[in-house]
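Quick mapping for you: the protein sequence lines, in order, are chains A and B.
Position 322, counted from 1, in the first sequence is what the numbering used here calls 322; the numbers after and before it change by one each time, with no gaps.
Position 268, counted from 1, in the second sequence is what the numbering used here calls 1268; the numbers after and before it change by one each time, with no gaps.
The beta-carbon is built from N, C-alpha and C at its ideal position, and this holds for glycine as well.
Source: prediction; values computed, not measured.
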Amino acid sequence: METLWFSIVAFMIAAYVVLDGFDLGAGVIYLTAARTPAERQMIIRAIGPVWDGNEVWLLAAGGTLYFAFPLLYASSFSGFYLPLMMVLWLLMLRGIGIELRAHMDNPVWRGFFDFVFCGSSALLTIFLGAALGNVVRGVPLGPDQYFFEPLWTDFRVGVDNGILDWYTVLTGIIALVTLTVHGSLYIAAKTEGDLNRRARDLAKRIWPLQLILTVAGLIASVSIRPAVLDNYKHNVVGFLIPVIVFVSLAAMMHAILKSADWTAFLASSLYIVGMLVGAAFALYPVVLPASTDPARNLTIYNASAGHHGLSVGLIWWTLGMILALGYFFFVYRMFRGKVRLEGEGY
Amino acid sequence: MGLAPLIVVLKTLALRRNDETYHQAARFWARIFGINFVLGVVTGIPMEFQFGTNWSHFSRFAGGVIGQTLAMEGVFAFFLESAFLGLFLYGEKRLGPRGHWWSAVAVFLGSWLSGFFIIVTDAWMQNPVGYSRAADGSAQLSSFWSLILNPWAWWQYAHNMSGAVITGAFVMGSVGAFYLLWGKFEDFGRIFVRVGVVAALIASTLQVFPTGDGQGRMVALHQPVTLAAMEALFESQPGAPIVLVGQPNIDEHKIDNPIEVPNALSFLTYRRWKAEVTGLDAFPQDQWPTNIELLYFSYHIMVGLGTLFIAIAAVAVLLLWRHKLFVSRWMLWILLLSLPFPYIANTAGWMTAELGRQPWLVYSLMRTADGYSKTVSAGNGIFTLLGFMGMYTVLGILFLFLVRREIERGPLAQAEAAH
């Protein structure tokens, strides 16, 4: 039962990163790829009807995490207090950036919200990557299974970590680069003309960096926490995951060169899922490792809610997911195809 | 939440009468709804995070129960609402008139479902049911249906939602009255006033009876000390009076300058004029609500304004029925100026509920002082609180600026993004 809920939460987080990832990435390239007001409008139109629904995966994943693993939620959210507050600010700024810019047709007003949207998107990707880095690296859990991390200490990976050290900065940058490529490919797939070409070029130029960072990330993770390899050693099938990661990276470049934008976007999605599943596989059954003493690790067993609650949840979660997937299918179908400036929309 | 069903009403009238004016009226309120929604979403996200960031000991204790409803809100309500809002705001042509009506219904259902799960969560904190205590002391769900069918939740939900409709209805009526007094967009002004005052009368009547009455009896049954503090009833007595006006004097255990209706509290609570109502003296002082004065005034402001809403709406509907409303400028002025009061009444109502629960975070199970995040220092708490106050002030100003602008441009203006 706990394993099932671990997989469910992992699935929801992966869905969040793949879906909201592309509109975050679109925000990162927003000021570089789009050179004219019309092109900016196209990017906003490409993500406008879906970004809020995508972001709901974060809230739904958070709610499900709270439901299935209350102790993990309580401990990590209070321990990551400061960075989460920044994430909240960024989510707020980004939401009003996208939505309020349309309310006034004034270049100063739009320029301001364009900047807010782009800046908050870029910072959010870095924070999300750093958050994942913190979970893989471990946090200084005390005997009561709570902790509090300052923003930074000495940037070294050790017992008294800050939120930011060289490892989590690295994972933050990996997330920024990955989602920038992901967003560029989505925008390429949704647009035509100069914007389409420029977005694809951006992805092509960043790709080598993504490859280097992927290798660096794997090496760094193994070196700071050798225990991440334990599950792989016990179950060699796991080594398929990094294979998938690299194959999808290669497939992505292949598709970019052939200007097959949707294929490239799907390859990028597979890459993201592969990276996240790889991390989840390495952690399982631990959900928050303690850098202080492995005995204090939060695992799916000591952090989960009661059995009755978890079984009831399975029923409504399945029902709710069927409905949610139905809505998503419908909405994406309604807004399918390349975006145009004529007609109604953002 | 209050505006959503009214937009559905406007959309339905537009379809039934095949009248473009109603379509335009619905589009106008959809634009205002859109601004509300964006600011509601961005200011609502911190609430879900706060359970963990600021109230982690509470979350560890109660997550096994209220995690259910909070997760269900995400899975059932947020997805529905967010998926259809984009279609509702920007997909009218794509969907066609009927499809667009359905998208309005979906947004309405999503927002009301979201309200339901939040109220069930709050109701569990007010009147915990359907749980058992695990070995580590935490509360764990033992009966899903007891949690969902908590009687407190249903009364509170009904009371809260009719409160939301009152706000939506008075806002609509107020904007309509503004157009009529201004002499611009008068066709729309008449629609807004008509729909607004009728909805306001229905909702404000429901607000008192049965929902307010039911909610009050829930408090009397499950939190008698809260009821005593709300009414500032210091001594238990048969035939307890209700205080209409007066200031509680906690040190001397009396009401200053009271104007009272004898026996009324006994009757309202127990349906008998001479019934014994328990006063604060029956409870140890460490179980009294922490801030009785504020609780007392929140409650009295809520009740006072609620009564006023019925009076305003009743007179307005009477004038509407006699075909005099649109020329009764004095009444239009009253409708225009009533705009802020439903907001105040709703806020006062929530303050009554939450101050009334004190000193408990989960009634009789966990004190508020035990529920906060102990690892987060006061310095970090103040730092982020100030930040949020600043951010919310800016958002509030933006909200007023944009809504004022929409109202001034009027229902005939095209959405600017549709260029």
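Partners in chain B for residue i, counting only beta-carbon separations shorter than 7 Å
| i | result |
| --- | --- |
| residue 324 of chain A | 1075, 1079 |
| residue 143 of chain A | Those do not exist, as residue 143 of chain A stays about 12 Å from chain B at its closest Cβ, beyond 7 Å. |
| residue 358 of chain A | Past the boundaries of the shown model lies residue 358 of chain A; chain A is included only from 1 to 346, so the question cannot be answered. |
| residue 120 of chain A | Here the premise fails: no neighbours, minimum Cβ distance about 11 Å. |
| residue 78 of chain A | 1052, 1053, 1056, 1373, 1375, 1376 |
| residue 95 of chain A | 1038, 1041, 1042 |
Contact list for residue i against chain B, beta-carbon separation under 9 Å
| i | result |
| --- | --- |
| residue 6 of chain A | Under the 9 Å cutoff, chain B gives no residues; its nearest Cβ is about 15 Å from residue 6 of chain A. |
Nearest-angstrom Cα separation, counted from residue j out to residue i
| i | j | result |
| --- | --- | --- |
| residue 1419 of chain B | residue 342 of chain A | Any reading at residue 1419 of chain B must be qualified, since the residue scores a pLDDT of 33, below 50, and its modelled position is unreliable; the value itself is stated next. In a straight line, the C-alpha of residue 1419 of chain B is about 8 Å away from that of residue 342 of chain A. |
| residue 1052 of chain B | residue 61 of chain A | 14 Å |
| residue 284 of chain A | residue 1202 of chain B | 55 Å |
| residue 1151 of chain B | residue 1158 of chain B | 11 Å |
| residue 323 of chain A | residue 1109 of chain B | 14 Å |
| residue 1105 of chain B | residue 145 of chain A | 45 Å |
| residue 1179 of chain B | residue 1162 of chain B | 26 Å |
| residue 223 of chain A | residue 1360 of chain B | 48 Å |
| residue 50 of chain A | residue 1083 of chain B | 7 Å |
| residue 328 of chain A | residue 1030 of chain B | 22 Å |
| residue 6 of chain A | residue 1263 of chain B | 58 Å |
| residue 1077 of chain B | residue 1111 of chain B | 7 Å |
| residue 1100 of chain B | residue 1020 of chain B | 14 Å |
| residue 163 of chain A | residue 1181 of chain B | 58 Å |
| residue 1199 of chain B | residue 148 of chain A | 50 Å |
| residue 113 of chain A | residue 30 of chain A | 12 Å |
| residue 1357 of chain B | residue 1043 of chain B | 24 Å |
Any chain B beta carbon closer than 9 Å to residue i
| i | result |
| --- | --- |
| residue 224 of chain A | no |
| residue 168 of chain A | no |
| residue 181 of chain A | no |
| residue 52 of chain A | yes |
| residue 1 of chain A | no |
| residue 70 of chain A | yes |
| residue 139 of chain A | no |
| residue 39 of chain A | no |
| residue 291 of chain A | no |
| residue 82 of chain A | yes |
| residue 248 of chain A | no |
| residue 59 of chain A | yes |
Chain A contact for residue i (CB, 9 Å cutoff)
| i | result |
| --- | --- |
| residue 1183 of chain B | no |
| residue 1416 of chain B | Model confidence at residue 1416 of chain B stands at a pLDDT of 46, short of 50, so the residue's coordinates are unreliable; what they give is reported in the following sentence. So, interface residue. |
| residue 1035 of chain B | yes |
| residue 1157 of chain B | no |
| residue 1028 of chain B | no |
| residue 1109 of chain B | no |
| residue 1396 of chain B | no |
| residue 1144 of chain B | yes |
| residue 1138 of chain B | yes |
Cross-chain neighbours of residue i in chain A, by beta carbon under 9 Å
| i | result |
| --- | --- |
| residue 1072 of chain B | 63, 67, 313, 316, 317, 320 |
| residue 1380 of chain B | 81, 82, 85, 148 |
Listed by chain order, chain A residues near residue i by CB distance under 8 Å
| i | result |
| --- | --- |
| residue 1391 of chain B | 89, 92 |
| residue 1141 of chain B | 305, 306, 308, 309, 312 |
Residues that residue i contacts on chain A, provided the C-beta gap is smaller than 7 Å
| i | result |
| --- | --- |
| residue 1046 of chain B | 88 |
| residue 1083 of chain B | 53, 327, 328, 331 |
| residue 1384 of chain B | 85 |
| residue 1114 of chain B | What residue 1114 of chain B touches in chain A: nothing, since even the nearest Cβ is about 11 Å away. |
| residue 1060 of chain B | 70, 71, 74 |
Residue i Cβ short of 8 Å to the ligand SAM heavy atom set
| i | result |
| --- | --- |
| residue 312 of chain A | Looking at this structure, you won't find the ligand SAM or any other ligand, since it has none at all. |
Chain B contact residues for residue i, given Cβ-Cβ distances below 8 Å
| i | result |
| --- | --- |
| residue 49 of chain A | 1086, 1087, 1090, 1091 |
Quick test of the definition: if touching needs 3 or more C-beta pairs under 8 Å, does the segment 124–138 of chain A touch the segment 169–176 of chain A?
yes
Counting Cβ pairs, one atom from each stretch, are 3 or more of them under 8 Å apart for the segment 121–130 of chain A and the segment 14–31 of chain A?
yes
If you pair each beta-carbon of the segment 75–90 of chain A with each one of the segment 1371–1378 of chain B, do three or more pairs fall below 8 Å?
yes
When the Cβ atoms of the segment 7–26 of chain A are set against those of the segment 52–71 of chain A, are three or more pairs found closer than 8 Å?
Output reads yes: the segment 52–71 of chain A touches the segment 7–26 of chain A.
If we require 3 or more residues per run, which beta strand (DSSP E) segments fall completely within the segment 91–159 of chain A?
none
When you compare the segment 243–254 of chain A with the segment 263–274 of chain A, are there three or more beta-carbon pairs, one atom per stretch, that lie closer than 8 Å?
yes
Counting only runs that start and end within the segment 1212–1259 of chain B, where is the beta strand (DSSP E) found for 3 or more residues in a row?
Listed in chain order, they are 1242–1249.
The segment 305–319 of chain A touching the segment 1059–1073 of chain B, judged by at least three CB pairs closer than 8 Å:
yes
So does the segment 1214–1221 of chain B actually touch the segment 1325–1335 of chain B, counting three or more Cβ pairs closer than 8 Å?
Using a Cβ-Cβ distance cut-off of 8 Å, the segment 1214–1221 of chain B and the segment 1325–1335 of chain B are not in contact, since fewer than three pairs of beta carbons, one from each stretch, lie closer than that value.
Give the list of continuous beta strand (DSSP E) stretches no shorter than 3 residues that lie fully inside the segment 1093–1138 of chain B.
With a minimum length of 3 residues, the continuous beta strand (DSSP E) runs that stay inside the segment 1093–1138 of chain B are 1131–1133.
May I ask you to verify whether the segment 1241–1253 of chain B touches the segment 1183–1198 of chain B, counting CB pairs closer than 8 Å and requiring at least 3?
With the cut-off at 8 Å, the segment 1241–1253 of chain B and the segment 1183–1198 of chain B do not touch.
For the pair the segment 1111–1124 of chain B and the segment 1090–1100 of chain B, tell me if three or more CB-CB distances fall below 8 Å.
They do not touch, by the three-pair rule.
Check whether the segment 91–108 of chain A and the segment 38–49 of chain A touch, using three or more Cβ-Cβ pairs below 8 Å as the test.
yes
Quick check on the DSSP output: what are the complete beta strand (DSSP E) runs of length 3 or more inside the segment 29–100 of chain A, in order along the chain?
none
With a floor of 4 residues, list each alpha helix (DSSP H) that falls wholly inside the segment 259–341 of chain A, ordered by position along the chain.
261–283, 307–334
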